[in-house]
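Here is the structure we will look at.
Numbering (the numbering used here), first residue to last: 318 to 603.
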């Protein structure tokens, strides 16, 4: 499966059918290779993938991520097989262990230790139909153990909320021949005060989740830098901002560090489609 150089990551729960179709058309028209979406409290992952595939022509559609507690491994394997059989082999199954509030608080499951839970799930995928899967399986991996599992038992990783330093570490752990599709938030905005305010609002939901906090601490950010909405240094690392040339340089840093694919997530005011689309146009040739 050829992901291309750049993709787009979007929080799809905010968009209705017409808005999703319009965005898919915009992404394809600008030549991006893929479109990635999460699974949270809104759209169900496999059903949404079917809609996105049916309403696009050539994009790779990737779940980033499908929660392993939302469906058993047999169902995920059949979903992967079905979507690729019916839509020309354009679906990539990104899997993740999600977060305790989304697993225990929302779904009522018990949140297990991440590595054994994911390893068991991957084993279940193969028991459901053999070792040759019907499409790529990628893992939401931040720490070294999950990255090692991504390289040893999956086709690669889809890290989220990371830096080029993390990308370099991930590439070294994954090894050659693996997909490293990195999400990066972007904001073409030359006023740093406004850009950081948008970044802090976007990141606030993640800064209470231990999975991300622990990884940021591993990357060298201090607890003080993660307090009170995040320091300027932290926000600048998480949300590339400035003019298009500056943002493109930040994206290229991930490729230099070993990323095989970078998924940009435009950060804007709520509902500011014009700003989002302008960023997609400006960054497409990175």
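Glycine is no exception: its CB is placed at the ideal position from the N, C-alpha and C atoms.
For residue 444, no pairing in a beta bridge is given by DSSP. Here the stretch 533-549 makes no contact with the stretch 489-497; the two share fewer than three CB pairs at distances below 8 Å. Scanning its chain for C-beta atoms nearer than 7 Å, with the 5 sequence neighbours on each side dropped, one finds around residue 491 the residues 464, 467, 468, 473, 474, 497, in chain order. With fewer than 16 other Cβ atoms from the protein chains shown falling within 10 Å of its own Cβ, residue 319 counts as exposed. Between residue 584 and residue 516 a beta carbon distance of about 6 Å is seen, short of the 8 Å cut, so the two are scored as contacting.
For residue 365, there is no enclosing beta strand (DSSP E); the enclosing alpha helix (DSSP H) has its first and last residue at 362-371. A straight line joining the alpha-carbon of residue 342 with that of residue 579 spans about 19 Å. For residue 592 and residue 489, the gap between their C-alpha atoms comes out near 36 Å. Under DSSP, residue 404 forms no beta bridge with any residue.
In this structure, the beta-carbon distance from residue 449 to residue 435 does not fall below 7 Å. Ranked by Cα distance from residue 363, the first of 399, 351, 344, 328 is 399.
Spanning the alpha carbons of residue 416 and residue 528 requires a straight line of approximately 7 Å. Going by DSSP, residue 572 is part of the alpha helix (DSSP H) stretching over 561-574.
Here DSSP, grouped into helix, strand and coil, assigns residue 582 to strand. Residue environment: residue 525 is assigned as exposed (fewer than 16 neighbouring CB atoms within 10 Å of its CB, all protein chains considered).
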